[in-house]
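Residues in the sequence shown are numbered from 48 upward in steps of one, following our numbering.
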Amino acid sequence: MNKRSYTEKEVSEYIGMSRSFLRQSRMDGNRDNRTPAPPFIKVGRAVRYLKEDLDNWLNSFAKQTHGLEGMK
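Laid out in structure tokens, this is it:
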């Protein structure tokens with residue numbers, strides 16, 4: 048069974064960022080010069096993240112090549 052929503056711990060592992068990043072970004076919202084928070088939902092008091100939102104959030108970041116342009 049594929050899950051549609053994930054807990055904070057599961058999201059931390061899925062996106063490779065700390066749980067404290069997730070908590071801090073939820074509290075502070077999007078700030079200048081900071082990685083924006085992934086979208087989340089609340090079900091009662093529980094915070095959950097939807098897989099499709101996480102995938103879209105990850106895809107929103109530009110891919111870096113770091114010097115590969117001049118190599119042949």
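We put the CB at the ideal spot given by N, CA and C, even for glycine.
Beta carbon of R66 nearer than 7 Å to that of E57:
no
My guess is that I62 and P85 are in contact by the Cβ rule of under 8 Å, so how many angstroms apart are they, rounded?
7 Å
Which residue wins for smallest C-alpha separation from K50, given the options N103, N106, T112 and R95?
R95
Counted within 10 angstroms of its Cβ, other Cβ atoms place L105 as buried (16 or more) or exposed:
exposed
If we ignore side chains and look at the alpha-carbon of each, how far apart do V90 and L97 end up?
12 Å
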